[in-house]
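Asker:
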Ligand code: AMP
């Protein structure tokens, strides 16, 4: 079933969204992108004459109630965005009566799902090495089913619009779908858009295809890097992982972030790129700082020769030019992970050069996908989000989808 084809009139829809929005210390939302992202789905249901039961996680409360991560804090924002009052159910497992009382056009937001360990289905307080772990895990999986069944009892239709958690087999993202038949479960609009964007990258590839992978470490990106090697023409590796490569090639990287146990892996990536005819582009120079601070002293130096006590925090001018020249003629572009510590205003130039080049390529007809929490924050910081083809809400989910993995949240609906 597709959301467009379903008429929600008289139905109660249980909608899994990703309202894991960043909050400041006073509980104010600092970026409401995720709430806005879910609005087309939520409004379609209300406009059809359906009732809404909205569920989400927030942060990582690890199965325990944590008032700082209560979704109660976002009730006013959700209400404002939807233009209707929003009821709140303070316990996700005890919302049956509140859901039952809902009339068409009414909205119920239920409390952070992850206050219940059953949501993630992982046993808490027991180490994986403990002999009792397997039994605890089995028991928790059973409890997860019960929790999912409880959630399912609130509604007669299930909609998953939370792409950010689609790579997790959680109660609300996957298990719950078992309690609805195929005509009463569907992906939301946002999820459909994400899936189409990934399809665009993976199927109809217009060349040259350039992937830009940045961020802090090579170890967390290795799966996607290896996978991309079979698909891309150009692979730009930037950000903190630059220094693991530089070190592996015999460079001095000073205090730069460097994974010493991944030097062989870095050389292996370089070898594979050569074998596969992929143009691997690494930074040559960097902006080094004498402290991990926005106000640190800086100097431009070769990534192979960073003085003791200094650390590379951004791409240097030569590197920025190299990256931009690689990106501009591309016809398909994927960007995940910043080229420097973009959170510090003085170290945004590398990421900015990448963003500008992507914007230019997109204006010239390229399909560009920017995804992963930090790249999205980056493109938003530069105010360029509407100048690329698609900004994904998914971090891990996006990367797993591009790696070609089947996402449990999507499989649970599409089979
Ligand atoms: P990740 O979560 O692995 O995608 O990494 C994102 C983080 O990498 C951002 O918070 C950046 O500040 C950080 N980062 C990027 N370049 C560097 C660098 N040269 N040194 C340290 N951190 C970096």
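Numbering (this note's numbering), first residue to last: 168 to 582.
Note that the Cβ used here is the ideal one computed from N, Cα and C, for glycine as well.
Closer than 7 Å: is that where the CB of residue 387 sits relative to any heavy atom of the ligand AMP?
Answerer: As a position in the chain shown, residue 387 is number 220, starting the count at 1. Yes - the ligand AMP has a heavy atom lying nearer than 7 Å to the Cβ of residue 387.
Asker: Do the segment 499-518 and the segment 331-339 make contact, defined as three or more Cβ pairs closer than 8 Å?
Answerer: Taking 8 Å as the limit for Cβ pairs, the verdict is that the segment 331-339 does not touch the segment 499-518.
Asker: May I have a chain-ordered list of the beta strand (DSSP E) segments no shorter than 3 residues that lie completely inside the segment 425-497?
Answerer: Entirely contained in the segment 425-497, the beta strand (DSSP E) runs reaching 3 residues are, in chain order, 446-449, 452-456, 465-469 and 478-482.
Asker: Relative to the ligand AMP, is the shortest distance from any of its heavy atoms to the C-beta of residue 449 smaller than 7 Å?
Answerer: Position 282 of the chain shown, counted from the first residue, corresponds to residue 449. For the ligand AMP, not one heavy atom lies less than 7 Å from the Cβ of residue 449.
Asker: Using only the heavy atoms of the ligand AMP, determine whether one of them is closer than 7 Å to the beta carbon of residue 282.
Answerer: If you number the chain shown from 1, residue 282 lands on position 115. No, the beta carbon of residue 282 sits no closer than 7 Å to any heavy atom of the ligand AMP.
Asker: Please name the residue in 491, 458, 488 and 489 whose C-alpha comes closest to that of residue 477.
Answerer: Here residue 477 is taken as the residue at index 310 of the chain shown, counted from 1. Minimum Cα distance to residue 477 is reached at 458.
Asker: Pick helix, strand or coil for residue 395, following the three-state DSSP scheme.
Answerer: The residue you call residue 395 lines up with position 228 of the chain shown. If DSSP states are grouped into helix, strand and coil, residue 395 belongs with the helices.
Asker: Going by other Cβ atoms of all chains shown within 10 Å of its Cβ, with 16 needed for buried, is residue 530 buried or exposed?
Answerer: The residue given as residue 530 occupies position 363 in the chain shown. The residue is exposed, with fewer than 16 neighbouring Cβ atoms inside 10 Å.
Asker: Flag residue 584 as yes when its Cβ comes closer than 7 Å to any non-hydrogen atom of the ligand AMP, and as no otherwise.
Answerer: Here the chain has residues from 168 to 582 only, and residue 584 is not among them.
Asker: State yes or no: is the C-beta of residue 384 nearer than 7 Å to some heavy atom of the ligand AMP?
Answerer: Position 217 of the chain shown, counted from the start, is the residue given in the question as residue 384. Yes; taking the cut-off as 7 Å, the Cβ of residue 384 has a heavy atom of the ligand AMP nearer than that.
Asker: Using a threshold of 7 Å, is the CB atom of residue 479 nearer than that to any non-hydrogen atom of the ligand AMP?
Answerer: Position 312 of the chain shown holds residue 479. Yes, the ligand AMP has a heavy atom inside 7 Å of this Cβ.
Asker: At which residue ranges does the segment 234-282 contain complete alpha helix (DSSP H) runs of 4 or more residues, listed in the order of the chain?
Answerer: You should have 242-249 and 263-267.
Asker: Can you tell me whether residue 362 is helix, strand or coil according to DSSP?
Answerer: Along the chain shown, read from residue 1 onward, the residue named residue 362 stands at position 195. The answer is helix: DSSP assigns residue 362 an H, G or I state.
Asker: Go ahead and pull the three-state DSSP assignment for residue 388.
Answerer: Taking the chain shown and counting its residues from 1, the one referred to as residue 388 is at position 221. Residue 388 falls in the coil class under three-state DSSP.
Asker: Please work out which residues of its chain come closer than 7 Å, Cβ to Cβ, to residue 583, disregarding the five sequence neighbours upstream and downstream, and give them in chain order.
Answerer: Residue 583 lies beyond the stretch modelled for the chain, which goes from 168 to 582, so this question has no answer here.
Asker: What is the DSSP secondary structure of residue 218, reduced to helix, strand or coil?
Answerer: Counted from its first residue, the chain shown places residue 218 at position 51. If DSSP states are grouped into helix, strand and coil, residue 218 belongs with the strands.
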